[in-house]
Structures are given as structure tokens and as C-alpha cells.
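One structure below.
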Amino acid sequence: MSQIMEDMKGQGHDEHDGDLIQLVTFRIGEEEFGVDILAVQEIIRLMQITMVPRAPAFIEGVINLRGKVIPVISMRTRFNMPVLEHDSNTRIVVMELGQKIVGFLVDGVSEVLRIPAGTVEDPPPVVAGIGSEYIRGIGKLDDRLLILLDLDNLLNDIDLSGS
Numbered sequence: 248m249s250q251i252m253e254d255m256k257g258q259g260h261d262e263h264d265g266d267l268i269q270l271v272t273f274r275i276g277e278e279e280f281g282v283d284i285l286a287v288q289e290i291i292r293l294m295q296i297t298m299v300p301r302a303p304a305f306i307e308g309v310i311n312l313r314g315k316v317i318p319v320i321s322m323r324t325r326f327n328m329p330v331l332e333h334d335s336n337t338r339i340v341v342m343e344l345g346q347k348i349v350g351f352l353v354d355g356v357s358e359v360l361r362i363p364a365g366t367v368e369d370p371p372p373v374v375a376g377i378g379s380e381y382i383r384g385i386g387k388l389d390d391r392l393l394i395l396l397d398l399d400n401l402l403n404d405i406d407l408s409g410s
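So for the sequence shown, the working numbering puts the first residue at 248; every next one is plus one.
Here it is in C-alpha cells:
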């Protein structure tokens, strides 16, 4: 658990929230995921996504957001989940990761949460089959579990340089 906190603190966070982690949470299917709020630039409604020839299957395409071309990753496809029709809840979570700006297509955004660091545990070894390298930890809330994503690992094997 302490390694998770060190990883999260090691991303340039200077806030002094004690032992609280601030997250943006979103749904993909029945699962709820969380990402560090400092990585989230904005959350937008679904807009026109332009397909990119020969892109990996999980790249939904690109969007033009105020003059910037941003790749959009389908989180359903990235996690090998069945593709569904987009609906009024579908959102694009725009995140800045290092020098890259990326959109994540999700089924719906839930809320902004502050959770005590003590409620976060390392992912159990049995999740190795579902991409445990993408999971930073599991947050235990009152009646649900929240999967905290490791965005760096999620993007490590994706070439977003456009070259």
C-alpha cells in the first residue's frame, strides 16, 4: 500500500491533503475505475471522432479539441470488453500524461472522490489475467470496490507521437 501512495505522490503532487487521494471516477461496464484528479484536464461529451487508418484497435480515432488533435482510446477495447453503442452517458475524459494529451472513451463519469489512502490496497495477484499492469491499487469504499488505474503503464506500449 505504501508503494501505491509513493507512486501517486511521485507524480508531482504538492497538495497537502494529509492521507486523502483525490480521484475522478468513471464506469466501464459494471466496473468503476479511478484516476488521479491532477491528470484529468477535462471531461467532455462525446463528439465527432475521426477514424485513423491502421491505428491499433483500441484507438477509437482522433478529435479536434479547440484546435488540438487528440487521440481517443476506447477503454472498453483496451480492456478486451465488448463494444457497446455510445449513449448520452458516454464521455471522453481528457488527460495530460507527461507531455501527451489523450482522451479516454468511457461509459460514464461517476464523481470526484476523496478517499483515505489507508483504504487502498495492492491489487491481488489473481487479477494478473485482466491486465494487472494497468492497476495501481484497489480502493475499498463502503459498498463497492474502485480500481485505481496506472495511467503511465496504460500508455507505455502506445505510440502517441504521431510519427
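Glycine included, C-beta positions come from ideal geometry on N, C-alpha and C.
Annotated three-state conformation of Asp399 is helix, per DSSP.
The segment 295-308 makes no contact with the segment 273-287; the number of CB pairs closer than 8 Å stays below 3. For Gln269, the beta-bridge partners assigned by DSSP are Arg361. By the C-beta density criterion, Thr272 is buried, having at least 16 other C-beta atoms within 10 angstroms.
Taking the Cα of Leu352 as reference, the smallest distance to any Cα among Asp266, Met294, Leu285, Leu270 is reached at Met294. Under the rule that a run must span 3 or more residues, the beta strand (DSSP E) segments found entirely inside the segment 289-338 read 306-312, 315-321. For Leu352, the three-state secondary structure derived from DSSP is strand. Nearest neighbour of Val367 by Cα position, chosen from Gly350, Ser321, Ile348, Arg391, turns out to be Arg391.
Look at Glu277 here: in three-state DSSP terms it is coil, with no helix or strand label. Across the set Pro372, Ile382, Pro363, the C-alpha of Pro363 shows the shortest separation from the C-alpha of Asp389.
Annotation for Ile382: the continuous beta strand (DSSP E) segment containing it runs 382-387.
When the Cα atoms are used, Met328 and Asp354 turn out to be separated by approximately 12 Å.
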